[in-house]
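Down below is the structure, laid out as structure tokens.
Protein chains: 4
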Amino acid sequence: MSGNSIGQNFVVTTFGESHGVALGCIIDGCPPGLELTVEDMQHDLDRRRPGTSRYTTARREADEVRILSGVFEGKTTGTSIGLLIENTDQRSQDYSDIKDTFRPGHADYTYQQKYGMRDYRGGGRSSARETAMRVAAGAVAKKYLKQVHGIEIHGYLAQLGPICAETIDLTQIEQNAFFFPDASKLEALDEYMRGLRKSGDSIGAKITVVATGVPVGLGEPVFDRLDADIAHALMGINAVKGVEVGDGFGVVTQKGSEGRDLMSPQGFASNHAGGVLGGISSGQPVVAHIALKPTSSISVPGQSMTVQGETIEMITKGRHDPCVGIRAVPIAEAMLAIVLMDHLLRHRAQNHDVTRQTPVIGMR
Amino acid sequence: MSGNSIGQNFVVTTFGESHGVALGCIIDGCPPGLELTVEDMQHDLDRRRPGTSRYTTARREADEVRILSGVFEGKTTGTSIGLLIENTDQRSQDYSDIKDTFRPGHADYTYQQKYGMRDYRGGGRSSARETAMRVAAGAVAKKYLKQVHGIEIHGYLAQLGPICAETIDLTQIEQNAFFFPDASKLEALDEYMRGLRKSGDSIGAKITVVATGVPVGLGEPVFDRLDADIAHALMGINAVKGVEVGDGFGVVTQKGSEGRDLMSPQGFASNHAGGVLGGISSGQPVVAHIALKPTSSISVPGQSMTVQGETIEMITKGRHDPCVGIRAVPIAEAMLAIVLMDHLLRHRAQNHDVTRQTPVIGMR
Amino acid sequence: MSGNSIGQNFVVTTFGESHGVALGCIIDGCPPGLELTVEDMQHDLDRRRPGTSRYTTARREADEVRILSGVFEGKTTGTSIGLLIENTDQRSQDYSDIKDTFRPGHADYTYQQKYGMRDYRGGGRSSARETAMRVAAGAVAKKYLKQVHGIEIHGYLAQLGPICAETIDLTQIEQNAFFFPDASKLEALDEYMRGLRKSGDSIGAKITVVATGVPVGLGEPVFDRLDADIAHALMGINAVKGVEVGDGFGVVTQKGSEGRDLMSPQGFASNHAGGVLGGISSGQPVVAHIALKPTSSISVPGQSMTVQGETIEMITKGRHDPCVGIRAVPIAEAMLAIVLMDHLLRHRAQNHDVTRQTPVIGMR
Amino acid sequence: MSGNSIGQNFVVTTFGESHGVALGCIIDGCPPGLELTVEDMQHDLDRRRPGTSRYTTARREADEVRILSGVFEGKTTGTSIGLLIENTDQRSQDYSDIKDTFRPGHADYTYQQKYGMRDYRGGGRSSARETAMRVAAGAVAKKYLKQVHGIEIHGYLAQLGPICAETIDLTQIEQNAFFFPDASKLEALDEYMRGLRKSGDSIGAKITVVATGVPVGLGEPVFDRLDADIAHALMGINAVKGVEVGDGFGVVTQKGSEGRDLMSPQGFASNHAGGVLGGISSGQPVVAHIALKPTSSISVPGQSMTVQGETIEMITKGRHDPCVGIRAVPIAEAMLAIVLMDHLLRHRAQNHDVTRQTPVIGMR
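Protein chains in written order, with this note's numbering: chain A, 733 to 1096; chain B, 733 to 1096; chain C, 733 to 1096; chain D, 733 to 1096.
Quick look at the structure:
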């Protein structure tokens, strides 16, 4: 595979550039019989969609998804599902000035060198616009996971620059434009973002995603551990520079007597492990955190170079998110959903009979 | 695939349990014509090998690797390479008491639930002993990368519990049993480890791995970005709970004007990105950090349960590393080597002609 | 993967049903810099297209393909290529009577049992209409193979029922509606087809595909031999029941002294092997033959059953090809092209340096 | 993957050369809880083993397989299974004269050109000796298929040169050294083989493999149809030049009214399709045929060339099978078993719930 697919048994393959004709994806391996409509995907697409608040880019995309195959009379048939979103607000002219320059901190230079050419319009394939199809595919996984197994996935912004969520109130997440679980900090966030926009700068963020209801047993030793595949999926989101599962980098200064999750027939006493032991889900909530770098598309001038090798001072114009972390919440949820879905199917393949066994006494 | 393979074009597949007959691996896709002897692998195997210092487990394994195929008259032939290490110091009796119990913080419970049974001897497949074959396979990748492309990979212990390396002197790494780059902290480390052993406890660690000489262009958009595959490979090492590339979680509080790496025809002015832009290597050193949790195999008693569902108090006996992070240095190097090797071959497959093009003027 | 993808480094993934909204495919791994327009694909799509002669189904599909991504300023960019063909002539009403019945010789029964449901309109995903996207993807491979390596692929109808081609004149193939290389038999073919249509019956066929200019060295021991992957690709075409490489089933009665291809510095003396030795291309033309069964969609009544388990007598109405073998010629070419393209890239990945070596003296 | 693996969820990866140290394989994805001993594999290994009758090569290999991992207390654990066979009768000296020559009809030339070098001893990786590990892995699949699903696989020699089996008596197959189902032809076979050996020549063969008890529903549209994967697996056996499913090339002259398998609630009236409809198993026996070319290792002189480019007359010395088709019977069975096993697991992954549904009324 050349990188545009993810998964082994639930496989998502995508195409599409920021300013191309359309974005699309094929989902291969979705179980048959799942009720599926565009509405199931549209909700998450709207959560990711730009232009919905003053904190995100002003680019306006309807992001209306169409189901082209794999669904018949409202249900998945087991054959490959084709999804399509047409690009509507392309404004290629905004980007013509970057044709011959490499924006610092962007993929312009590496694409050019890798392929000997690049679609420079809005970053082409390297644009975060590509993630719209991940969200659509993730919504399919989410629906199956919830409906058939009671697995639910929630993400939230845990930190934006210096501002941390101190209380985690999941009911708050969908109530504000930041996906922020701590209502007491919303004003501070708003103020911070105003300042940022004024300075023409951008800021990093930390996102947390949690899956509850995950059955024990998902994950394949030794290379495709559940946490390894989660790390792959989350690090593969634009701008992500770090992934943690459970206590993450906090374990560096932990002692073994502090960090292990003691267990009894009533369950685990804690969840330092983030729901994964030996690469296999433990039945506890699966918890992951990611760090997103501030976008390099800022109006603060910076040194760069042209394709011809001249040094230049450049400012990235166009419509950009001052904090790409905000809109990444539904993307991270989608990626976690895709990984869990894939591992659910992989587990079934090998352990069909085991899944019908009685679990260990006393443990959920 | 069911998890025991890694890579697409350079594929490493392993087998073997802690107390089984042998550990083995198959390397598929290694280019022909590479000079290869057991000595090439033995060096790294010895670095990973237990029982070499008082800071690691007392288990003694010779870890002598044999090449069973794929090498003829001292060179790789292009066919699959079979490698084998026989287990010699098995002492199964040490582990008989864990047959019916789940060690807290270990994979005993999840393996039992996933498969309906488990090889309980020394953790079976979930033991870090499995990583010996990764190191052997990684050594093959390392040799090719260095010989053909001048790529070199170095890892070191960046932090052990509260003790951080403050100066990074690469020449120190192989001079001490900790793979530690700051000689001024060696005494403190020794003292810390003595205290730890006395208390029967264990400690977490942070490791850094760096690859220099990586050409620009490695990494496959969009899911198999170089950093995503590095995250997959590193998070798949036993006890790893976090992976960072470049500035990692430091980006959360960074501004775009601080975090972007400015560039000129003379090169990049910094390497916040850790050598990866848009998922593709930039030609700068590739830098990753990982967090390893303290082993749960400690003599501090902790609550757990039996397979039959009874609550118990348990102490993990046997011979264990008080800081598994130390020996993980060569493992992390091996995993990074395998990922780079795989991406080098993947890049060639698609961009054969491009790789012979003249690079952009002025950039290395 | 769940079956809708083919290839390892040049990967084609498709979706779409006979009477769905659209057919689509994603090509992942196409080398950058290839000039590509819809015209490159349209030629082969038109050759496969129904309704072009009185010997094929009367269903009329424009089969106009659109490029949605992966091409910029007329050239492939190295990112995934999205292709789309909208279905225009769907006439779902033709098929409403098969909703509750299983057509004998069709996939109705097996899809229903596999998935617990099926898209019964025109066979859904099991319809040969699906192959349109294979032809489009194959055309991309064909263009690259020809332009960069001088590899050309030609297919022809070698036999239709009792009528065999006795002389193989490649210049004839595109001159008649049968892709038949023996002009002396065209009248007989026409007559045979008239009789067939009158009787409401259908007939089998044999197709030959040949690739010339294939370099020595393509094919991966041991499971992904070039001939094994060709067999996979060709047997995966609807209605194919047999695949031969070179002398095929003729070898059963051959002696070793007859069947081996003697060689000298001037080349091979014969090509019994069909261009593949030990699963690796020999530099000779790659030759494969396939057998296509007569379609079961005929107006001769036959016993079958309903979904409810009742015995019925049924006639398949609708617009069907009396010999599906005819239109399969461009499909077989496309599949051979996809396999060769994939193996070219796979070979490069591992043998980058070898491919620049001087070949053995005297051999092309 | 680089060709040494087969399967998606039940994955077999092999290594080993004819005259190397050992042959080995890793089975990844085998369900846990299967009772497995070396005896389960040894039976089929002995059937394939050379030197067991006067009709096969005189090379004597014990082919004793060892289980190195993945089995604990007599049962598979779900982790990867390592298998090993040491080479004992290597006699490298027999082959030293082919170091600088390309045997006609062999893979010597193509390996040399692909990799720039080759292990010339006994054909190295291209030797049929490699198939021993396929037989071992196939035996694991066979056992699971039979024990858990009642699927049984039988192969036989259907034709040897001019001598066809006219009656198929399965009870005869294991009673003679030819795996021949027609006892009335045994004398003729013996006589034919004597004549062949006297003339120093070899002969082709046709083998049939049948799987009974296969449930309806195995096979993945559209590229990984069950028959496509069977074709891949069988064409990947050394010397195979043709694969048929069901009526195979017989369909070329068939009419639709003859070739379709009529159905009723009592089952199918015939099995022209060979148990596969639309690429999915129909519940009928899966039937495949393969054509094996005569070995080119004969003592009849033939023209060839040296590595240096000189024309030579050569005779292949050494110990060879005059009809490689005979010993290929257990190999073909193994490959069919591996494919069915893989598809069983793949089917489960996606259609877990469906497999517990009530089948269509009246059909088995």
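Each residue gets a CB set at the ideal place from its N, CA and C atoms; glycine is no exception.
Measure the CB-CB distance between residue i and residue j and report whether it falls below 8 angstroms.
i, j, result
"His1004 of chain D", "Ala890 of chain D", "no"
"Gly752 of chain A", "Ser801 of chain C", "yes"
"Ser1031 of chain C", "Arg835 of chain C", "no"
"Gly949 of chain B", "Ser1013 of chain B", "yes"
"Phe742 of chain B", "Cys757 of chain B", "no"
"His964 of chain B", "Asp979 of chain A", "no"
"Gly999 of chain D", "Val1018 of chain D", "no"
"Val942 of chain B", "Val975 of chain A", "no"
"Leu1068 of chain C", "Val1008 of chain C", "no"
Classify residue i as buried or exposed, calling it buried when 16 or more other Cβ atoms lie within 10 Å of its own Cβ.
i, result
"Thr746 of chain A", "buried"
"Arg850 of chain D", "buried"
"Glu749 of chain D", "buried"
"Pro947 of chain B", "buried"
"Ile1047 of chain B", "exposed"
"Ala920 of chain A", "exposed"
"Lys930 of chain C", "exposed"
"Thr899 of chain A", "exposed"
"Ser734 of chain B", "buried"
The alpha helix (DSSP H) spanning residue i covers which residue range?
i, result
"His1021 of chain B", "It is not in any alpha helix (DSSP H) - His1021 of chain B instead sits in the beta strand (DSSP E) that spans Val1018 to Leu1024."
"Gly1057 of chain C", "Val1056 to Asn1083"
Helix, strand or coil: how does DSSP classify residue i here?
i, result
"Ser996 of chain B", "strand"
"Gln907 of chain B", "helix"
"Lys831 of chain B", "coil"
"Ala839 of chain B", "coil"
"Gly735 of chain C", "coil"
"Met849 of chain B", "coil"
"Gly1034 of chain C", "strand"
"Arg798 of chain A", "strand"
"Gln891 of chain C", "strand"
"Thr863 of chain D", "helix"
"Leu766 of chain C", "coil"
"Thr985 of chain D", "helix"
"Val880 of chain C", "helix"
"Asp922 of chain C", "helix"
"Val803 of chain D", "strand"
"Arg1096 of chain A", "For Arg1096 of chain A, the predicted structure reports a pLDDT of 40, less than 50, and the residue's modelled location is therefore unreliable. The matter cannot be settled from this model."
Taking CB distances under 8 angstroms as the criterion, tell me whether residue i reaches chain C.
i, result
"Gln1016 of chain B", "no"
"Tyr787 of chain A", "no"
"Glu990 of chain A", "no"
"Gly1082 of chain B", "The question names Gly, but residue 1082 of chain B is Gln in the sequence shown. Yes, Gln1082 of chain B counts as interfacial toward chain C."
Could you please give the first and the last residue of the uninterrupted beta strand (DSSP E) stretch that includes residue i?
i, result
"Leu815 of chain A", "Ile813 to Glu818"
"Glu1045 of chain B", "Thr1043 to Met1046"
"Leu675 of chain B", "The requested residue 675 of chain B is not part of the displayed model; chain B covers only 733 to 1096."
For a cutoff of 8 angstroms on Cβ pairs, would you count residue i as touching chain D?
i, result
"Gly855 of chain B", "no"
"Pro997 of chain C", "yes"
Compare the C-beta of residue i with all C-beta atoms of chain B and state if any pair is closer than 8 angstroms.
i, result
"Val1092 of chain A", "A caution first: Val1092 of chain A carries a pLDDT of 49, below 50, which makes its placement in the model unreliable, though a value can still be read off. By this cut-off, Val1092 of chain A is an interface position."
Using a Cβ-Cβ distance cut-off of 8 angstroms, determine whether residue i contacts chain A.
i, result
"Gln879 of chain D", "no"
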